[in-house]
């Protein structure tokens, strides 16, 4: 005696070895013995053989027209044998019964399963909807097939071209566009990026990097809503100073300026003046919502996306020739010893006498002219000389707290495109890369003045019991990162007791938030906590920190990546085929004269800081890879390693992983691995 039974949605048949009340022991044709619940046994028979019955049933099942079967099936519950007798013959054979069973089982949109071999007709509207769904699936499958074929043959269907960033980075894995790319990648044995590039979906490497960034962080576009700059309603006194700013020529958001009063009197008042949008823009206002949505200005060679509309920026920027509203901090100090004896925050209008520009003055205003070793034939020479002396003193004192000096072994790089920033780059512009050594005199003046202001305002917030957004670092131990929080804490890297960001309110949202809190302190003193927009333990502050941290990291990563793109373009435009570099580790090297970290074959076993010449063997602007190999070692002995340069040991930062996976849905081993190369390695930081 044999039995046909259901096992996990499959139909099997075999010889009955034993038959108990609730279960049977059945031997399959393969020789395997299985225990089967009696409730799962649907047909008992003595002939034909199990294999013949299943084969006969599968053949006959395909002869059953489901529409006809549904039409003539009983209204109530019925068994598969009942349908076989109605459809085939009153004396339906075992094969016909098995065929009816198989057909009913595979058509749940027509017949609902009600129990052991029992079924019931689905309502007509359900059948109709199910059939429409099946037809839609067939059409989608045909569309996927058509698109996949076109992609594999080197064409790009418009719906896929319109969605390549979604497909690669935030796909709907059930979407036909995604499935078509996966299928085409499998067929062509290409990585998805290469597939789409060859199909013409990626217009240029630059546009790929730029539009991918916009897709992830500016999905609604980069245009601002219609906004006007709120007016400052305060009656602000005019400061009795002659202030000057120090910025690059490309800077339009001039946040900070300096002033020096009392030179030659023995007591000097050093002023740091910060643009005051916080006096006009209020929390939760339309302008605030725009700033909070962006969190920061995004910088890149030849272009930028500002945090605020230009009309709003120009209303508050510290432009020369204007009395500009400002939040000022005045540090009173002994002219000889530079000991700070007092500090005061004021809300006022500050006359901006000049906007000094780094790129025009770095070669004029130098250590020699500022220290008196060379003539100082420029405006604000006495004030700049004092500010430079103060900056060197402040830096030296911070280094005592740090426990070791700050070192600037690597230069900063300035990128210039021939579009002059007048329009969005297209990626083919001529690029120039120039070097500005870190720690230049004007740099040092501005940096130390801002550190002094930010640290001092952090202390004032704490004294008034007003929460702010602080940056802290517990120690200089490896891996000890800078954290953001709402309570003051030491910043080991800076060498200060507390540190806020409050000097760039036109460019960074946390600075605007801190400015609101500082304004409350300036107006209300010890009772400022009652009037400040953000109270202690305010959940909104933690939300701002979280959002800003994520956005700022993403923007910096993009800036590094796009600078790497332009560096690779520079190599090609200048015809550079060889570079000198310093070895880091594991084959990584750092170029001497360009912001590039890359792998060079042959450098894997060399000591850290070995000086080498490498030959460029390939450049990929899409993946931002630079391929190189060792030509020769240029030194006999490596320079001593600097433990402080721990970031050098890392792979080029900002690894970008595609969200498309061609290994899904059972892709075959070797071919799938070729097609699923989803990792792109853009830029290391140049800093």
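Numbering (my numbering), first residue to last: 488 to 1174.
Idealized CB from N, CA, C, for every residue including glycine.
Near residue 526, what residues of its chain come up, given a Cβ to Cβ distance below 6 Å and the 5 sequence neighbours on each side ignored? 603
Do residue 544 and residue 605 have their beta-carbon atoms positioned less than 8 Å apart in this structure? no
Closest to residue 748 by C-alpha separation, out of 584, 982, 947, 867, would be which residue? 867
Please report the straight-line C-alpha distance between residue 810 and residue 836, rounded to a whole angstrom. 5 Å
Using C-beta distances below 8 Å, list every residue in its chain close to residue 1036, excluding the 5 sequence neighbours before and after it, in chain order. 971
Reduced DSSP category for residue 991 - H, G, I as helix; E, B as strand; rest coil: coil
For residue 659, which residues from the same chain have a beta carbon less than 7 Å from its beta carbon, with the 5 sequence-adjacent residues on both sides left out? 665
Three-way DSSP call (helix, strand, coil) for residue 937 in this model: helix
Neighbourhood of residue 872 by C-beta distance below 6 Å, restricted to the same chain and skipping five residues each side: 857
For the region 786-803 and the region 698-717, state whether three or more C-beta atom pairs, one from each stretch, are separated by less than 8 Å. yes
Helix, strand or coil: how does DSSP classify residue 986 here? coil
I need the straight-line Cα distance from residue 677 to residue 686, nearest angstrom please. 11 Å
Just to check my reading of the structure: residue 1101 and residue 1123 have Cβ atoms closer than 8 Å, yes? What is that Cβ distance to the nearest angstrom? About 18 Å; that fails the 8 Å criterion.
Length-filtered (3 minimum) beta strand (DSSP E) runs lying within the region 713-755: 730-734, 743-748
In terms of residues, what are the limits of the alpha helix (DSSP H) holding residue 1118? Taken as a continuous stretch (DSSP letters only), residue 1118 belongs to no alpha helix (DSSP H), being part of the beta strand (DSSP E) at 1112-1120.
For residue 488, name the three-state secondary structure that DSSP assigns. coil
With H, G and I counted as helix, E and B as strand and the rest as coil, what does DSSP make of residue 1058? helix
Cβ atoms of residue 953 and residue 1026: under 8 Å apart, would you say? no
Whole angstroms is fine: what's the gap from residue 1164's alpha carbon to residue 689's? Confidence at residue 1164 is low in this model, with a pLDDT of 31, below 50, so its placement is unreliable and no value can be given for it.
If you follow the beta strand (DSSP E) that residue 791 is part of, which residue opens it and which one closes it? 790-792
For the alpha helix (DSSP H) containing residue 709, list its first residue and its last residue. Element bounds for residue 709: n/a, residue is neither H nor E.
Given this structure, state the Cα-to-Cα distance separating residue 987 from residue 764, to the nearest angstrom. 17 Å
Within 8 Å, strictly: CB atoms of residue 843 and residue 733: yes
Once you ignore the five residues that flank residue 572 on each side, which residues in its own chain have a CB closer than 7 Å to its CB? 579
Assign residue 1147 to one of three DSSP states: helix, strand, or coil. coil
Taking the continuous alpha helix (DSSP H) assigned at residue 679, which residues delimit it? 679-685
For residue 939, which of 760, 591, 900, 563 has the nearest alpha-carbon? 760
When burial is assigned at 16 or more other CB atoms within 10 Å of the CB, is residue 829 buried or exposed? exposed
For the putative contact between residue 1187 and residue 652, defined by C-beta atoms under 8 Å, what is the C-beta separation to the nearest angstrom? Outside the modelled stretch of the chain, which goes from 488 to 1174, sits residue 1187, for which no answer is possible.
Go ahead and pull the three-state DSSP assignment for residue 660. coil
Supposed close pair residue 524, residue 562 - CB separation, criterion 8 Å: Not quite, the Cβ-Cβ distance comes to about 30 Å (not below 8 Å), so this is no contact.
Is it buried or exposed, residue 744, if we count other Cβ atoms within 10 angstroms and call 16 or more buried? buried
According to the neighbour-count rule (16 or more other Cβ atoms, all chains shown, within 10 Å of its Cβ), is residue 990 buried or exposed? buried
Identify, in the order they occur along the chain, each residue of the same chain with its Cβ nearer than 8 Å to the Cβ of residue 967, setting aside the five sequence neighbours on each side. 960, 961, 979
Where does the unbroken alpha helix (DSSP H) through residue 624 begin, and where does it stop? 611-639
Taking contact to mean 3 or more Cβ pairs, one atom from each stretch, closer than 8 Å, check whether the region 1046-1057 and the region 1073-1091 are in contact. yes
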